[in-house]
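Each step along the sequence shown adds one to the number in numbering that gives the first Met the number 0, with nothing skipped, and position 107 is 106. Just so it is clear, CB atoms sit at the ideal spot from N, CA and C, and this is done for glycine as well.
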Amino acid sequence: MTTACVLIAYDGSPDARTAITEVARLLPGVQAIVLYARQPLEGLAAHLDGHRALEDLQGVEKASLDASERIAFEGAEYARAAGLDAEPRVLSRMSTASEAIVQVADEIDAALIVLGSRGRGGLWSAVLGSTSVNVLHHARRPTMVVPSDAVVSARRRSSQPVAPEETS
0 MTTACVLIAY DGSPDARTAI TEVARLLPGV QAIVLYARQP LEGLAAHLDG HRALEDLQGV
60 EKASLDASER IAFEGAEYAR AAGLDAEPRV LSRMSTASEA IVQVADEIDA ALIVLGSRGR
120 GGLWSAVLGS TSVNVLHHAR RPTMVVPSDA VVSARRRSSQ PVAPEETS
């Protein structure tokens, strides 16, 4: 019998930590891969072949990878502290974060994909795109999107009945 594995998309945000907390509450002790998906600077570097700025860019790329590894490690540590059997993973691919999340979920045969939601809506979501929405549309396996604490609070406030105005 194989143990189910959960893929948790992690970007270091409070929203991603909320998602980890919910996984730990709902699936205590589950095996989890905590993924930080990053876009490497290779695309830009290809245009700089032979240019002296390429050396500077390579230093930035190494620093970016180091930071990415720290973020993934931090997420796995947070997940372990919450009671999950977690390991960090960084993915560097020339794809969007949502594409990377779906690809890794398939590669590891994840039983569930989990991501936090920042709750961007309307114009911001249209302009910036939404990783959670894109994963939901393209994933081939169960996906759970955990709303951030800020989104939950805002939804609670907006759903409370408005007191009628006093008439004189």
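Check                                                                                                      : Outcome
Three-state secondary structure assigned by DSSP to tyrosine 170                                           : Limits of the chain in this structure are 0 at one end and 167 at the other, which puts residue 170 out of reach.
3 or more residues per run - each beta strand (DSSP E) lying fully within the segment 14-38                : 30-37
Own chain, CB closer than 6 Å to alanine 8, minus 5 neighbours either side, in chain order                 : Leu34, Ile100, Leu114
Beta carbon of alanine 18 nearer than 7 Å to that of valine 150                                            : no
Cβ pair aspartate 84, glutamine 30 closer than 7 Å                                                         : yes
Beta-carbon spacing of valine 89, alanine 71 below 7 Å                                                     : yes
Alpha-carbon to alpha-carbon, serine 157 and alanine 75                                                    : 34 Å
Neighbour-count burial assignment, alanine 24, 16 or more Cβ in a 10 Å radius                              : For clarity, residue 24 is arginine in the given sequence; the question names alanine instead. With fewer than 16 other Cβ atoms within 10 Å, it is exposed.
Between the CA atoms of arginine 155 and threonine 95 - distance to the nearest angstrom                   : 32 Å
Counted within 10 angstroms of its Cβ, other Cβ atoms place arginine 140 as buried (16 or more) or exposed : exposed
Reduced DSSP secondary structure (H/G/I, E/B, other) of leucine 122                                        : Note on leucine 122: pLDDT 48, under 50, position unreliable in the model; the coordinate value appears next. Correct three-state label for leucine 122: helix.
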